[in-house]
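Taking it in order: structure first as structure tokens, then the write-up.
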Amino acid sequence: MTAKQLLQQRLTNQQLATPAFKNAPDLVHWCGAVQAQDYEMSKWAVGMRLPAANHREIEQCIADGKLVRTHILRPTWHLVHPSDVRWMLELSSPYIKQSMGTYNRKLELDDKIYRKSNKVFEKALKDGKQLTRTELTAELQKAKIATDDLRMNFLLIQAEQDMIICNGGKRDKQITYALFEERVAPAPGKNRQEALATLALRYFNSHGPATLKDFTGWSGLPVTAAREGLQLVQDQLHTAPFGELTCYGPAQATEATSTGNDVLLIPNYDEYLVAYKDREVIHSGDSASSLNRDGNPLFSNIILVKGQIAGTWKRTFKKKEVLIDLYPITPFNKSTQGKLDKEIARFKQFYN
Numbered sequence: 003m004t005a006k007q008l009l010q011q012r013l014t015n016q017q018l019a020t021p022a023f024k025n026a027p028d029l030v031h032w033c034g035a036v037q038a039q040d041y042e043m044s045k046w047a048v049g050m051r052l053p054a055a056n057h058r059e060i061e062q063c064i065a066d067g068k069l070v071r072t073h074i075l076r077p078t079w080h081l082v083h084p085s086d087v088r089w090m091l092e093l094s095s096p097y098i099k100q101s102m103g104t105y106n107r108k109l110e111l112d113d114k115i116y117r118k119s120n121k122v123f124e125k126a127l128k129d130g131k132q133l134t135r136t137e138l139t140a141e142l143q144k145a146k147i148a149t150d151d152l153r154m155n156f157l158l159i160q161a162e163q164d165m166i167i168c169n170g171g172k173r174d175k176q177i178t179y180a181l182f183e184e185r186v187a188p189a190p191g192k193n194r195q196e197a198l199a200t201l202a203l204r205y206f207n208s209h210g211p212a213t214l215k216d217f218t219g220w221s222g223l224p225v226t227a228a229r230e231g232l233q234l235v236q237d238q239l240h241t242a243p244f245g246e247l248t249c250y251g252p253a254q255a256t257e258a259t260s261t262g263n264d265v266l267l268i269p270n271y272d273e274y275l276v277a278y279k280d281r282e283v284i285h286s287g288d289s290a291s292s293l294n295r296d297g298n299p300l301f302s303n304i305i306l307v308k309g310q311i312a313g314t315w316k317r318t319f320k321k322k323e324v325l326i327d328l329y330p331i332t333p334f335n336k337s338t339q340g341k342l343d344k345e346i347a348r349f350k351q352f353y354n
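For the record, in the sequence shown the residue sitting at position 98 is 100 according to the working numbering, with numbers rising by one throughout.
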């Protein structure tokens, strides 16, 4: 498998080249989870993978609970389909809680405090109430629970792992929290092997071709658990060498054919960037030196040309318009610039 073939297959499987889904919940279900650390840009991460969408539609899906935003997997913020969030949390939470141990000791947080804070959240949010972080902080302080330093972060993350809270809708441009049980309908559970197999198959189908190392990094699972998941579904995947690496993808491998949609405005923390540990294949020439934070593309909005990094971009929301600033690594030719202009127009239309 050549680099060109690998990139084209990833673009297709990630729904960036030829979108196959019509709505946000179905798309997120296909992806398994979509990182949503930057709330506003995560809406574009979903919307750009649909043939026609606008930011209000994605926002409404979150407000209605058709998409659940919570800390899951590594952990960081993700958008997850409501039918998936329970079994994913049951699989990943033990590892997440274990990783929190050092901070718990440093911040003097223990099971007793977490039980108490969870009860405060349940009481404050019952009957459909949705409160902001600031409002929840005030409720904890009334209950004599300290929220200084990083404690509030961990009190919220623990409650998310315990399936007590998740994000609600936005109020006055502020993100709120709501009770998990009031927003997420019951769904059939999965035992550990079923969960590992489902997560592995979902990842390699939607993000492949990818390696075991990639899956381990994306899932946040220990390598032994990630390997077990891959082994459970390996006979349902296509295996192909890429240099010295072994990559796995959908059983019906996509052909590396050209597409008209090969110039893209990728948001920061996009799945195309965060889902792989080895990112050399997406760098074009000296692109790494053109990015901030030591060449790491995760923190930048990326201009993607034929699957490779060709520059960065920034957006500014004005009252009546959206401004886009472009920072190409090298000047674009007329054809690429024309496609980029169309992509900019698509982004502006999404936020119109």
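Where is the CB? At the ideal position from N, CA and C, for every residue including glycine.
Note that the coordinates shown come from a computational prediction; the quantities given were computed from them, not determined experimentally.
DSSP has residue 243 in a bridge; who is on the other side? Walking along the sequence shown from the start, residue 243 turns up at place 241. For residue 243, which the question treats as bridged, DSSP gives the partners 248.
Quick check on the burial criterion: 16 or more other C-beta atoms within 10 angstroms. Buried or exposed for residue 180? By 1-based counting over the sequence shown, the position of residue 180 is 178. The residue in question, residue 180, is buried, as its Cβ has 16 or more Cβ neighbours within 10 Å.
Unbroken alpha helix (DSSP H) runs of length 4 or more, entirely within the region 141-178: which are they? DSSP runs (the alpha helix (DSSP H)) wholly in the region 141-178: 153-163.
Just how far apart, CA to CA, sit residue 321 and residue 234? Position 319 of the sequence shown, counted from the first residue, corresponds to residue 321. Position 232 of the sequence shown, counted from the first residue, corresponds to residue 234. One alpha carbon belongs to residue 321, the other to residue 234, and they sit about 52 Å apart.
Sheet register partners of residue 79 (DSSP bridge): Here residue 79 corresponds to residue number 77 of the sequence shown, with the count starting at 1. Partner(s): 73.
Would you mind sorting residue 345 into buried or exposed? The rule is 16 or more other CB atoms within 10 Å of its CB. For the purposes of this step, residue 345 is taken as residue 343 along the sequence shown, with counting starting at 1. When all chains shown are included, residue 345 counts as buried.
Assign residue 317 to one of three DSSP states: helix, strand, or coil. For the purposes of this step, residue 317 is taken as the residue at position 315 of the sequence shown. The answer is strand: DSSP assigns residue 317 an E or B state.
Taking the alpha-carbon positions, what's the residue 284 to residue 54 distance? On the sequence shown, residue 284 is found 282 positions in, with the first residue counted as 1. On the sequence shown, residue 54 is found 52 positions in, with the first residue counted as 1. Per the coordinates, the alpha-carbon of residue 284 lies some 26 Å from the alpha-carbon of residue 54.
Is residue 234 close to the ligand ZN? I mean its beta-carbon at under 8 Å from any heavy atom of the ligand. As presented, the structure is devoid of all ligands, the ligand ZN included, so that no description of it is given.
Cβ shell of residue 343 (< 6 Å), same chain only, five flanking positions each side left out: Position 341 of the sequence shown, counted from the first residue, corresponds to residue 343. Around residue 343, the same chain offers no residue with a beta carbon nearer than 6 Å, after the five sequence neighbours per side are excluded.
Do residue 271 and residue 2 come within 9 Å of each other at the CB atom, strictly closer than that value? In the structure displayed, the chain extends from 3 to 354; residue 2 sits before or after that span and is not available.
What residue ranges within the region 79-143 form continuous alpha helix (DSSP H) runs of no fewer than 4 residues, ordered along the chain? If we require 4 residues or more, the alpha helix (DSSP H) runs fully inside the region 79-143 come out as 84-101, 103-109, 113-127.
Indicate the three-state DSSP secondary structure (helix, strand or coil) for residue 307 in the structure shown. By one-based count along the sequence shown, residue 307 stands at place 305. Residue state, collapsed to three classes: strand.
By a C-beta neighbour count over all protein chains shown, 10 Å radius and 16 as the cutoff for buried, is residue 117 buried or exposed? Reading the sequence shown from its first residue, position 115 is the one you call residue 117. It is exposed - the Cβ of residue 117 has fewer than 16 other Cβ atoms within 10 Å.
Helix, strand or coil: how does DSSP classify residue 2 here? Given a span of 3 to 354 for the chain in the structure shown, any question on residue 2 remains unanswerable.
Just tell me which of 59, 76, 66 has its CA closest to the CA of residue 225. Mapped onto the sequence shown, residue 225 falls at position 223. The closest CA to that of residue 225, considering only 59, 76, 66, is found on 76.
Could you check the C-alpha separation between residue 51 and residue 208 for me, to the nearest Å? For the purposes of this step, residue 51 is taken as the residue at position 49 of the sequence shown. For the purposes of this step, residue 208 is taken as the residue at position 206 of the sequence shown. Approximately 12 Å, taken between the alpha carbons.
Quick check: what's the CA-CA separation for residue 264 versus residue 9? As a working mapping, residue 264 is identified with position 262 in the sequence shown. As a working mapping, residue 9 is identified with position 7 in the sequence shown. C-alpha separation (whole angstroms): 11 Å.
Given residue 238, which residues of its chain have a CB within under 8 Å of its CB, disregarding the five upstream and five downstream residues? The count along the sequence shown starts at 1 and reaches residue 238 at position 236. Excluding its 5 nearest sequence neighbours in each direction, residue 238 has C-beta neighbours in its own chain below 8 Å: 203, 253, listed in chain order.
Does the distance from the C-beta atom of residue 185 to that of residue 309 stay below 9 Å? As a first step, residue 185 is located in the sequence shown; it is residue number 183 there, counting from the start. As a first step, residue 309 is located in the sequence shown; it is residue number 307 there, counting from the start. Taking the C-beta atoms as reference points, residue 309 is found no nearer than 9 Å to residue 185.
CB-CB under 6 Å to residue 93, same chain, minus the five flanking residues each way: which ones, in chain order? Looking up residue 93 in the sequence shown gives position 91. Excluding positions up to five away in sequence, the list reads 197.
Check whether the Cβ atoms of residue 87 and residue 72 sit closer than 9 Å, and answer yes or no. Translated into the one-based positions of the sequence shown, residue 87 becomes position 85. Translated into the one-based positions of the sequence shown, residue 72 becomes position 70. In terms of Cβ geometry, residue 87 and residue 72 form a close pair [threshold 9 Å].
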